[in-house]
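Below is one structure; the comments refer to it alone.
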Ligand code: GDP
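Residue numbers (full-length UniProt numbering): 36 to 493.
Here it is, written out as C-alpha cells:
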C-alpha cells in the first residue's frame, strides 16, 4: 500500500495525460437538451453561476487539463456501492459537497456503470484517471483502516488519552495527502464526526478525499454552519435541491436515451395521462404478494389515483423486479376492462432480482427510473432510493406506499400510503446529533414520510 506521504504520491496529481479511458464531454448528448429543460421549478441564478464556475474549475484541474497545479486543486472521489438509486443519491450529495468546498469531483465507476450517463462537465471528464494509485484498493477494508477519517479521529483520541499529542487541528503539517470518508449505513461514531463543523477545517486542507457512501446526506450539510448560508443562496427553495442536482448531473447517454425514447414513443407517449408504479420489495420471500397488493390498491382507491370512468386515456407503467405485480395491475386496470376504460398497462423489464456488477442490468434500471420520471402521477415504495430518484427527476411528489417489512412492522392504523411533502429524498442513516430540528421551530430538516429514523429537508 502506497503511503499518502510517499513522494510517489504526488505523481497522480499530475493527472494530465493519462485518463483511464479516453473520454470527454459529448456535446451530441441527445438527451441533454430535453432532460434539462424543465418548465419549473427553475434553478436560482446563483446556482447557475456556481455551476459555470465549477465547470471551469473542473476543466482547469480535471483529468484532461494540460497543466495541473497540485497546490491549487483539491479533489473528491466518489466510489460507488449498492444499486443505481443509491448511487445517484450518493453522487448528487458528493457533487454538492464538491461545489461547497471547491473540490473537483471524480468518479470511480467500474464497467457496470459504462455508458449510462453523458459526461456532465463540458470539455472534460469526471472519470478518475488510471494513475490514481489507490484505484484498486479504494473499497478494501485495509484501505479504510489506514486512511479513514474516523480511524484517524479514533487514533487521535487514544493518543490523547495516553497523554501524547498528534495532529492538532490548525497544524497544517499534520494534514495527510488523502483521507477516506466512510459514510455508509454501518459507519461508526467516529466516522460520523465528519458532519461536525469543527472538523471541516482539518478536512478542508486534505487534497484528496475519497467518499464511500450511498446515501443522500445533504440534510446534514444544511445543518452545518459551515455551509448553511451558501446553501441558502444556492437553493432559496430547499425543497428542490435534489431535483436541480439530479437534472444537472445525470443525462441519459445516447445509448440509454435510444432505449428510453423507443419505449416511451411506442407505449407511453400517446396517453393523455401517465401513471407510474414503482414496486420495490426488499424481502420478497418473507413479504406476501397479497399484502403488498393490498397496500397498493388501498392507496390508489383512497386517493382516487386511477379513475377508470374518466374519458382520459391512460398508460400505467409498472417498474418492479417481479412480473407478478405487472400482471396483477394489468388484470385490474388493463386487460379486464380495456374496452371500457382506455387504460393500458406496461412493464419495460422484470429482472427477477437485483444483480451487482452488471452493466445491462443497470441500464434497465436507469431506463425504468427515467420512464417512471415521465409520469404525471407517481406511486413509489417506502425506503426505496430508486423511487426517490424517479420522483426527483420527474419533479412530481410521489405517493409513497408503505410496503410491508418483516424487520420493521408497521402499526395497523398506519395509512397505506403518504404523499411526499416535497421532492427531497430521505437520508436513511443520519448521525444522532443531526436529529432533528424540533417540529415548529422553523427547522430545515424533519421526518421522512416512510422511514421513521430518517431525515429530510422540509
Ligand atoms: P433501492 O434498493 O430500492 O433503494 O434502489 P437501488 O436502485 O439502490 O437498488 C436496487 C437495484 O435493484 C436497482 O438499482 C436495480 O438494479 C434493481 N431494481 C430494483 N427495482 C427495480 C425495477 O423496478 N426495475 C429495474 N429494472 N431494476 C430494479
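C-beta atoms are modelled at their ideal positions from N, C-alpha and C, and glycine is treated no differently.
These figures come from a predicted structure and were not determined experimentally.
Quiz item: Which term fits residue 363, buried or exposed, when burial requires 16 or more other beta carbons within 10 angstroms of its beta carbon?
Solution: buried
Exercise. Taking residue 311 as part of the beta strand (DSSP E), name the residues at either end of that continuous run.
Key: 308-314
Quiz item: Secondary structure at residue 407, three-state DSSP: helix, strand or coil?
Solution: helix
Quiz item: Does the Cβ-Cβ distance between residue 498 and residue 347 come in under 8 angstroms?
Solution: Here the chain comprises residues numbered 36 to 493, so residue 498 is not present and cannot be evaluated.
Quiz item: For residue 428, which option in 195, 277 and 138 has the closest C-alpha, if you only look at C-alpha atoms?
Solution: 277
Practice problem: Quickly, what does DSSP pair residue 354 with across the bridge? List them, please. | Solution: 313
Exercise. Please state if the CB of residue 438 and the CB of residue 327 are separated by a distance shorter than 8 angstroms.
Key: yes
Exercise. Please find out if some non-hydrogen atom of the ligand GDP comes closer than 7 angstroms to the beta-carbon of residue 12.
Key: The chain is shown only over 36 to 493; residue 12 falls outside these bounds and no answer can be derived.
Practice problem: Reducing DSSP to helix, strand and coil, say where residue 453 ends up. | Solution: strand
Quiz item: Using a threshold of 7 angstroms, is the CB atom of residue 297 nearer than that to any non-hydrogen atom of the ligand GDP?
Solution: no
Practice problem: With distances taken Cα to Cα, identify the nearest neighbour of residue 67 among 290, 249, 198 and 411. | Solution: 290
Practice problem: Just confirm the distance between the C-beta atoms of residue 61 and residue 154, as a whole number of angstroms; I'd bet it's less than 8 angstroms. | Solution: 6 angstroms
Quiz item: Do residue 145 and residue 421 have their CB atoms nearer than 8 angstroms?
Solution: no
Practice problem: Could you spell out where the beta strand (DSSP E) holding residue 218 opens and where it closes? | Solution: Unbroken run through residue 218: none, as it is neither H nor E.
Quiz item: To the nearest angstrom, how far is it from the Cα of residue 205 to the Cα of residue 126?
Solution: At residue 205, the pLDDT of 42 sits below 50, so the modelled position is not reliable; the number obtained from the coordinates is stated separately. Distance between the alpha carbons of residue 205 and residue 126: 30 angstroms.
Practice problem: Ignore the nearest five residues each way along the sequence and tell me which others in residue 157's own chain have a CB closer than 6 angstroms to its CB. | Solution: 60 and 90
Quiz item: Can you find a heavy atom of the ligand GDP that lies under 7 angstroms from the Cβ of residue 394?
Solution: no
Exercise. On a CA-only basis, which of 447, 388, 446 and 417 is nearest residue 463? Give me that one, please.
Key: 417
Exercise. Starting from residue 132, trace the alpha helix (DSSP H) both ways and give me its first and last residue.
Key: 119-136
Exercise. Mind the definition here: the stretch 382-393 touches the stretch 238-251 only if three or more C-beta pairs lie below 8 angstroms; say whether that holds.
Key: no
Quiz prompt | Cβ contact check for the stretch 248-262 and the stretch 474-493: 3 or more pairs under 8 angstroms | solution = yes
Self-check item: Local conformation of residue 494 per DSSP, three classes
Solution: No answer is possible for residue 494: the residues shown for the chain start at 36 and end at 493.
Self-check item: Sequence-distant residues of its chain with Cβ nearer than 7 angstroms to residue 111 (five each side left out)
Solution: 129, 132, 133, 138, 140, 244 and 246
Quiz item: Considering only the beta carbon of each residue, do residue 423 and residue 268 sit closer than 8 angstroms?
Solution: no
Quiz item: Are the beta-carbon atoms of residue 114 and residue 143 separated by less than 8 angstroms?
Solution: yes
Exercise. State the Cα-Cα distance for the pair residue 52 and residue 69, rounded to the nearest angstrom.
Key: Below a pLDDT of 50, predicted positions are generally treated as unreliable, and residue 52, at 33, falls in that range; the measurement from the model is reported next regardless. C-alpha separation (whole angstroms): 33 angstroms.
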